[in-house]
Amino acid sequence: MSTERFFIADPYNDEHIRLITDFEETNGITTVTSTLLKNIRQTRTEEKYKEEVKQSNEIHQSLFLQNEENITDTCHVQAEKDMKSCRIFFAPINMRSRRLVPLATDYAFEVLGMEDVFVTVDGSTDHELIENLELNGFENLGENDGNIMYLKEKQFDKEQERGNALAA
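In short: position in the sequence shown from 1, add 600, done, that's my numbering.
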């Protein structure tokens with residue numbers, strides 16, 4: 601049985617950069633997270649980077665799932681601490697069941713303290729992601745220029761949990 605582990609990409613971890621580079625090359629991904637991580641590493645010391653992360657109102661993190669050999673899924677989180685709102689950008693891959701969707705969402709709510717999680721999906725190509733979002737309680741807010749905006753609210757999530765507990 602294969603086990604996957606959840607990671608926050610560390611720009612100062614050579615193995616993370618290598619794994620992400622391999623994932624991007626294997627899946628033909630052009631939004632290059634590995635380049636962003638290398639740029640952080642080249643322009644800041646690790647101490648300066650960690651201090652900036654603590655002080656900044658903005659959060660930029662790449663998350664990934666890894667099995668024994670390689671990365672199976674990635675996403676990027678852009679958040680604003682004061683607004684308690686974030687956007688998650690999932691890697692454009694075809695995958696039937698994306699375990700990263702609920703993991704990244706829970707991470708945004710529980711660890712980052714977000715209240716709203718938004719995901720924009722290309723309605724013409726990301727059918728599996730759309731299905732995963734809807735299965736995980738995301739609400740379709742509508743389409744604009746072929747992109748569909750999805751939202752999941754922490755308060756709504758809590759109310760559903762309470763309703764399920766009362767029904768049991």
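Just so it is clear, CB atoms sit at the ideal spot from N, CA and C, and this is done for glycine as well. Just so it is clear, the structure is predicted and the values come from calculations on it, not from any experiment.
At a cut-off of 4 residues, the continuous stretches assigned as alpha helix (DSSP H) that sit fully inside the segment 689-756 are 700-706, 727-735. Between the segment 643-651 and the segment 673-681 there are fewer than three C-beta pairs closer than 8 Å, too few to call the two in contact. Here the alpha carbon of K754 sits roughly 34 Å from the alpha carbon of R618.
In the DSSP assignment, S662 falls within the unbroken beta strand (DSSP E) covering 658-666.
One Cα belongs to L733, the other to N657, and the distance between them is close to 27 Å.
CA-to-CA, the gap between E668 and R605 works out to about 9 Å. Remark: C-beta atoms of N744 and P702 do not approach each other more closely than 7 Å. The DSSP-derived three-state label of T626 is helix. In the DSSP secondary-structure assignment, T674 is bridged to F664.
Counting every other CB atom within 10 Å of its CB across the protein chains shown gives M683 a total below 16, marking it as exposed.
The continuous stretches of beta strand (DSSP E) do not include R644, and DSSP gives it neither H nor E.
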